[in-house]
Amino acid sequence: MRNKVLMFLTAVLVMVSCEEKIDYKKEFNTLFDKTIKLHDEAMAKMGVIAKYQMQCEVKVRMGAEEDVTKYKLTLQELNKAHSGMMKWMHRFSDDFPYEEDRLHDKTDDEIIKETESLKPYNKEIEEVQKNMDAAIAKAEALFKEE
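If you use the working numbering, the sequence shown corresponds to residues 1 to 146, in order.
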(Lines of atoms letter the chains of each structure in order from A; the text may use other names.)
(Lines give C-alpha, C1' and ligand atoms only; values in the text may rest on other atoms or scores of the structure.)
Protein backbone atom coordinates (compact mmCIF):
# COMPACT_ATOMS: atom_id res chain seq x y z
CA MET A 1 0.00 0.00 0.00
CA ARG A 2 2.78 2.38 0.94
CA ASN A 3 4.50 1.79 -2.40
CA LYS A 4 1.28 2.61 -4.25
CA VAL A 5 0.94 5.89 -2.36
CA LEU A 6 4.57 6.79 -3.10
CA MET A 7 4.13 5.91 -6.78
CA PHE A 8 0.95 8.00 -6.91
CA LEU A 9 2.65 10.99 -5.27
CA THR A 10 5.62 10.63 -7.60
CA ALA A 11 3.30 10.55 -10.61
CA VAL A 12 1.49 13.67 -9.38
CA LEU A 13 4.79 15.50 -8.85
CA VAL A 14 5.98 14.54 -12.33
CA MET A 15 2.73 15.76 -13.88
CA VAL A 16 2.83 19.04 -11.97
CA SER A 17 6.46 19.65 -12.89
CA CYS A 18 5.72 18.89 -16.56
CA GLU A 19 2.91 21.42 -16.75
CA GLU A 20 3.61 24.15 -19.23
CA LYS A 21 4.94 27.19 -17.41
CA ILE A 22 4.20 30.51 -19.06
CA ASP A 23 7.33 32.56 -19.55
CA TYR A 24 6.01 36.01 -18.69
CA LYS A 25 9.41 37.64 -19.14
CA LYS A 26 9.69 36.28 -22.66
CA GLU A 27 6.17 37.47 -23.46
CA PHE A 28 6.98 40.98 -22.20
CA ASN A 29 10.34 41.11 -23.98
CA THR A 30 8.82 39.97 -27.27
CA LEU A 31 6.16 42.69 -27.11
CA PHE A 32 8.70 45.29 -25.97
CA ASP A 33 11.04 44.42 -28.85
CA LYS A 34 8.16 44.58 -31.33
CA THR A 35 7.14 48.00 -29.99
CA ILE A 36 10.69 49.34 -30.20
CA LYS A 37 11.05 47.97 -33.75
CA LEU A 38 7.89 49.85 -34.79
CA HIS A 39 9.24 52.98 -33.08
CA ASP A 40 12.53 52.66 -34.95
CA GLU A 41 10.75 52.24 -38.28
CA ALA A 42 8.66 55.34 -37.57
CA MET A 43 11.72 57.33 -36.46
CA ALA A 44 13.38 56.57 -39.78
CA LYS A 45 10.53 58.49 -41.45
CA MET A 46 10.87 61.63 -39.33
CA GLY A 47 13.43 63.10 -41.72
CA VAL A 48 11.03 62.65 -44.63
CA ILE A 49 8.27 64.31 -42.60
CA ALA A 50 10.56 67.27 -41.81
CA LYS A 51 11.60 67.62 -45.45
CA TYR A 52 7.99 67.80 -46.63
CA GLN A 53 7.05 70.15 -43.78
CA MET A 54 9.70 72.60 -44.97
CA GLN A 55 8.66 72.27 -48.59
CA CYS A 56 5.01 72.89 -47.70
CA GLU A 57 5.92 75.91 -45.57
CA VAL A 58 7.82 77.42 -48.50
CA LYS A 59 4.87 76.80 -50.83
CA VAL A 60 2.45 78.37 -48.34
CA ARG A 61 4.63 81.50 -48.04
CA MET A 62 5.43 81.83 -51.72
CA GLY A 63 2.54 80.14 -53.46
CA ALA A 64 -0.38 81.54 -55.36
CA GLU A 65 -3.61 81.86 -53.37
CA GLU A 66 -5.32 78.93 -55.12
CA ASP A 67 -2.38 76.59 -54.38
CA VAL A 68 -1.89 77.57 -50.75
CA THR A 69 -4.86 75.61 -49.41
CA LYS A 70 -3.66 72.18 -50.53
CA TYR A 71 -0.19 72.85 -49.10
CA LYS A 72 -1.68 74.06 -45.81
CA LEU A 73 -3.80 70.92 -45.52
CA THR A 74 -0.84 68.69 -46.26
CA LEU A 75 1.28 70.63 -43.79
CA GLN A 76 -1.38 70.13 -41.10
CA GLU A 77 -1.28 66.36 -41.67
CA LEU A 78 2.51 66.32 -41.58
CA ASN A 79 2.50 68.37 -38.36
CA LYS A 80 -0.07 66.03 -36.82
CA ALA A 81 2.02 62.98 -37.75
CA HIS A 82 5.16 64.57 -36.31
CA SER A 83 3.37 65.63 -33.15
CA GLY A 84 1.83 62.18 -32.71
CA MET A 85 5.26 60.58 -32.82
CA MET A 86 6.75 63.07 -30.37
CA LYS A 87 3.89 62.68 -27.89
CA TRP A 88 4.09 58.89 -28.12
CA MET A 89 7.84 58.94 -27.44
CA HIS A 90 7.52 61.22 -24.42
CA ARG A 91 4.77 59.14 -22.85
CA PHE A 92 6.54 55.87 -23.63
CA SER A 93 9.84 57.03 -22.13
CA ASP A 94 8.03 58.25 -19.01
CA ASP A 95 6.28 54.91 -18.50
CA PHE A 96 9.15 52.71 -19.70
CA PRO A 97 12.41 54.51 -18.88
CA TYR A 98 15.55 52.75 -20.05
CA GLU A 99 16.66 50.00 -17.70
CA GLU A 100 19.21 47.31 -18.45
CA ASP A 101 16.99 44.56 -17.03
CA ARG A 102 13.63 46.08 -16.25
CA LEU A 103 12.12 42.76 -15.16
CA HIS A 104 14.86 41.80 -12.71
CA ASP A 105 13.41 40.75 -9.35
CA LYS A 106 9.81 41.22 -10.54
CA THR A 107 7.12 38.71 -9.73
CA ASP A 108 4.99 37.10 -12.42
CA ASP A 109 2.10 39.37 -11.42
CA GLU A 110 4.27 42.47 -11.78
CA ILE A 111 5.50 41.29 -15.18
CA ILE A 112 1.92 40.65 -16.29
CA LYS A 113 1.02 44.23 -15.26
CA GLU A 114 4.02 45.59 -17.18
CA THR A 115 2.95 43.63 -20.25
CA GLU A 116 -0.62 44.91 -19.99
CA SER A 117 0.73 48.48 -19.67
CA LEU A 118 2.83 47.98 -22.79
CA LYS A 119 0.05 46.67 -25.04
CA PRO A 120 -1.62 50.07 -25.65
CA TYR A 121 1.75 51.58 -26.58
CA ASN A 122 2.23 48.88 -29.19
CA LYS A 123 -1.17 49.60 -30.73
CA GLU A 124 -0.58 53.36 -30.56
CA ILE A 125 2.79 53.24 -32.32
CA GLU A 126 1.16 51.21 -35.10
CA GLU A 127 -1.40 54.01 -35.46
CA VAL A 128 1.31 56.69 -35.34
CA GLN A 129 3.15 54.87 -38.09
CA LYS A 130 -0.02 54.67 -40.22
CA ASN A 131 -0.59 58.41 -39.78
CA MET A 132 2.99 59.13 -40.77
CA ASP A 133 2.73 56.92 -43.85
CA ALA A 134 -0.52 58.62 -44.90
CA ALA A 135 0.93 62.12 -44.43
CA ILE A 136 4.05 61.21 -46.40
CA ALA A 137 2.00 59.65 -49.20
CA LYS A 138 -0.15 62.77 -49.42
CA ALA A 139 2.91 65.03 -49.56
CA GLU A 140 4.62 62.83 -52.15
CA ALA A 141 1.52 62.91 -54.34
CA LEU A 142 1.21 66.68 -53.95
CA PHE A 143 4.81 67.37 -54.93
CA LYS A 144 4.66 64.84 -57.74
CA GLU A 145 1.90 66.98 -59.32
CA GLU A 146 4.35 69.84 -59.85
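Glycine included, every Cβ here is placed at the ideal spot set by N, Cα and C.
Here L142 is buried, its C-beta having at least 16 other C-beta atoms within 10 Å. Between the C-alpha atoms of H39 and Y98 there is a straight-line separation of about 14 Å.
When the beta-carbon positions are compared, I136 and V48 come within less than 8 Å of each other. In the DSSP assignment, L38 falls within the unbroken alpha helix (DSSP H) covering Y24 to M43. Shown here, G84 sits in a helix according to DSSP, grouped into three states. For F96, the three-state secondary structure derived from DSSP is coil. Straight through space, the alpha carbons of Y71 and E140 are spaced by roughly 12 Å.
With distances taken between CA atoms, I22 lies nearest to T107 out of D101, Y121 and T107. Distance from the CA atom of T115 to the CA atom of F28, rounded to whole angstroms, is 5 Å.
A check of alpha carbon separations from K80 across H90, Q53 and H104 identifies Q53 as the nearest. Residue nearest to K45 within the set D133, R61, D109 and T35 is D133 (criterion: CA-CA distance). In this chain, the alpha helix (DSSP H) harbouring K51 covers M46 to M62. The three-state reading of DSSP puts R102 in coil, since its state is none of H, G, I, E or B.
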